[in-house]
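A short write-up of the structure that comes next.
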Amino acid sequence: MYRPRGHLVVSALGAAILLAAVVHHWSELGAVRDSTGPILALALDGGLALAVVYAGRRLSRAGLPRCGERRVARWTVAGALTALGAIGATLLVRAFEGRPLVEPAFPLLVSAGAGALAGIVAGYYAVRQASEARRAREATRAVSFVNHLLRHDLRNDFATIRGYADLGDDAGDADPRTVISRKAQEGLDLIEATSGIADALLGDATLRPMDLASTARSVVDDVDRAQGVTVEVDLDEPAPVAATDGLRSVVDNLVENAVEHAGPNALVRVAVRAGPETVTLSVADDGPGIPPERRDALFDAGDDTGGLQIVDALVDAYGGEIAVADSDLGGALFEVTLPRAESTGTADRPSTPTAAPAVSTGSDT
1 MYRPRGHLVV SALGAAILLA AVVHHWSELG AVRDSTGPIL ALALDGGLAL AVVYAGRRLS
61 RAGLPRCGER RVARWTVAGA LTALGAIGAT LLVRAFEGRP LVEPAFPLLV SAGAGALAGI
121 VAGYYAVRQA SEARRAREAT RAVSFVNHLL RHDLRNDFAT IRGYADLGDD AGDADPRTVI
181 SRKAQEGLDL IEATSGIADA LLGDATLRPM DLASTARSVV DDVDRAQGVT VEVDLDEPAP
241 VAATDGLRSV VDNLVENAVE HAGPNALVRV AVRAGPETVT LSVADDGPGI PPERRDALFD
301 AGDDTGGLQI VDALVDAYGG EIAVADSDLG GALFEVTLPR AESTGTADRP STPTAAPAVS
361 TGSDT
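The sequence shown begins at 1 in UniProt numbering and counts up by one.
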């Protein structure tokens with residue numbers, strides 16, 4: 001169903017009032033000897049009508065969304081009708097009392113123009129105020145989300161640091177100092193990335209090309225090696241997507257979720273497929289899987305899978321989609337589809353990607 005733009009409705013209303021004023025006062029010129037009165041009257045009600053037309057033109061350049069323009073248009077029409085109704089009611093009362101009505105069209109035209117202008121002003125500021133209030137709510141949610149992200153991801157990093165610090169020389173093949181240094185750096189990188197993540201959630205960030213395949217390799221290489229979980233990688237490189245530094249949190253939380261729920265000695269498979277328009281990340285495991293009736297609630301606020309809520313919010317901010325299904329390994333399969341970046345040669349890559357196709361990892365990160 002076609003809906004005219006709000007600024008067109010406003011300008012059309014002003015043009016209609018102007019046309020009515022011109023027709024009315026033109027007819028007056030033949031009925032009076034002095035044309036000064038009709039010309040002055042036309043300057044008043046016609047001027048108000050022209051102001052409404054001009055306001056409609058300005059409205060088209062105000063940067064409001066279509067729904068905001070339509071709301072201003074409704075305020076404009078309501079203002080004109082309210083003013084017309086008020087003046088019309090006074091004229092009806094005068095007629096009921098038997099008083100003479102001298103040129104009722106003129107006050108009606110003036111009231112329509114003035115009411116429309118008042119409606120435009122009131123509607124515009126109402127829309128702007130609602131937009132600012134919505135923006136404030138979004139900012140509050142973004143701050144809350146980033147706080148949740150920091151608590152979730154940093155808690156996991158610091159838990160790993162503490163675990164290796166407690167193990168000391170009993171850590172087996174893993175070098176505690178290397179693991180602690182890597183996890184500390186990941187925490188610092190996450191703190192540095194939080195501003196960009198918040199901007200992405202608010203729609204303020206400029207997404208840049210980032211190589212999802214290299215990011216996935218880096219995440220797999222950094223997975224805790226304490227237990228015998230095997231992570232396989234199958235990546236199309238390069239795989240540029242439009243994202244921010246939060247892209248690593250997307251991959252990290254999906255891999256972490258798979259490792260955690262697959263259990264010891266399990267298999268996790270991470271794959272990236274680059275298409276002409278989209279890039280797909282899939283993380284599969286051979287764990288118990290996720291029942292279909294629980295899948296829709298995985299990303300809801302308040303669910304115990306906080307990392308998945310982070311993934312869902314960031315994927316949505318990047319213009320992508322996430323889906324959950326059964327994997328051919330017997331467990332769960334998470335698939336993230338993101339728009340492919342326009343530039344493939346400038347995709348950002350992590351500083352230390354690994355070429356290892358599979359590593360033995362731990363089940364908790």
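Just so you know, even glycine gets a beta-carbon here, dropped at the ideal spot from N, CA and C.
Output the distance between the C-alpha atoms of ALA15 and LEU64, rounded to the nearest integer angstrom.
Stepping through the sequence shown from its first residue, residue 15 is reached at position 15. Stepping through the sequence shown from its first residue, residue 64 is reached at position 64. Roughly 22 Å separates the two Cα atoms.
Could you tell me how far apart the beta carbons of GLY331 and ASP285 are, in whole angstroms, since I believe they sit closer than 8 Å?
Within the sequence shown, numbered from 1, the residue matching residue 331 stands at position 331. Within the sequence shown, numbered from 1, the residue matching residue 285 stands at position 285. Indeed, because the Cβ distance is near 4 Å, the residues count as touching under 8 Å.
Determine, using beta-carbon pairs with one atom in the region 214-225 and one in the region 246-266, whether at least three such pairs fall under 8 Å.
yes
So, using beta-carbon positions, are LEU84 and ARG94 closer together than 8 Å?
To locate residue 84, count along the sequence shown from 1; it is residue 84. To locate residue 94, count along the sequence shown from 1; it is residue 94. Taking 8 Å as the Cβ cut-off, LEU84 and ARG94 do not qualify as a contacting pair.
Please state whether DSSP places ASP285 in a helix, a strand or coil.
Counting from 1 along the sequence shown, the entry for residue 285 is found at position 285. Here ASP285 sits in strand by DSSP.
Could you tell me the boundaries of the alpha helix (DSSP H) in which PRO292 lies?
For this step, residue 292 is matched to residue 292 along the sequence shown. 292-295 is the extent of the alpha helix (DSSP H) around PRO292.
Could you compute how far the alpha carbon of ALA198 sits from the alpha carbon of LEU329?
Along the sequence shown, read from residue 1 onward, the residue named residue 198 stands at position 198. Along the sequence shown, read from residue 1 onward, the residue named residue 329 stands at position 329. Cα to Cα, the separation comes out at about 35 Å.
Would you mind working out which of GLU256, ARG5 and VAL32 sits nearest LEU59, comparing C-alpha positions?
The sequence position of residue 59 within the sequence shown is 59, counting from 1. Answer by Cα proximity: ARG5.
Selection from VAL241, PRO264, GLY287 and HIS261 that minimises the alpha carbon distance to VAL272
Counted from its first residue, the sequence shown places residue 272 at position 272. For the residues VAL241, PRO264, GLY287 and HIS261, the minimum Cα distance to VAL272 belongs to VAL241.
If we ignore side chains and look at the alpha-carbon of each, how far apart do VAL315 and GLY68 end up?
On the sequence shown, residue 315 is found 315 positions in, with the first residue counted as 1. On the sequence shown, residue 68 is found 68 positions in, with the first residue counted as 1. Answer to the nearest angstrom: the Cα atoms are 27 Å apart.
If you pair each beta-carbon of the region 73-81 with each one of the region 32-49, do three or more pairs fall below 8 Å?
no
Report all residues from its chain with a CB closer than 7 Å to the CB of ALA341; omit the five preceding and five following residues, and keep chain order.
Here residue 341 refers to the residue found at position 341 of the sequence shown. Cβ within range, chain order: PRO209, PRO240, VAL241, ALA242 and ALA347.
Given this structure, state the Cα-to-Cα distance separating PHE96 from ALA89, to the nearest angstrom.
As a first step, residue 96 must be located in the sequence shown, where it is residue number 96. As a first step, residue 89 must be located in the sequence shown, where it is residue number 89. Rounded to the nearest angstrom, the gap between the Cα atoms of PHE96 and ALA89 is 10 Å.
Reduced DSSP category for ASP234 - H, G, I as helix; E, B as strand; rest coil:
Here the question's residue 234 lines up with position 234 in the sequence shown. Note: ASP234 maps to strand in three-state DSSP.
Determine the direct distance from the alpha carbon of HIS24 to that of ARG33, and round the result to whole angstroms.
Position 33 of the sequence shown, counted from the start, is the residue given in the question as residue 33. Position 24 of the sequence shown, counted from the start, is the residue given in the question as residue 24. For ARG33 and HIS24, the distance between alpha carbons rounds to 16 Å.
8 Å Cβ cutoff met for GLU335 and SER282
The residue you call residue 335 lines up with position 335 of the sequence shown. The residue you call residue 282 lines up with position 282 of the sequence shown. Taking 8 Å as the cut-off, the beta carbon of GLU335 is found closer than this to the beta carbon of SER282.
So the candidates are ILE191, GLY319, THR140 and HIS148; which of them puts its Cα closest to the Cα of THR206?
For the purposes of this step, residue 206 is identified with residue 206 of the sequence shown, where counting begins at 1. Looking at the Cα atoms, GLY319 is the closest of the given residues.
Alpha-carbon to alpha-carbon, ALA73 and VAL9:
Sequence index remark: in the sequence shown, residue 9 carries index 9 (1-based). Sequence index remark: in the sequence shown, residue 73 carries index 73 (1-based). Approximately 6 Å between the Cα atoms of the pair.
Quick check on DSSP: helix, strand or coil for HIS38?
Here residue 38 refers to the residue found at position 38 of the sequence shown. The sequence given here places Pro at residue 38; His does not occur at that position. Residue state, collapsed to three classes: helix.
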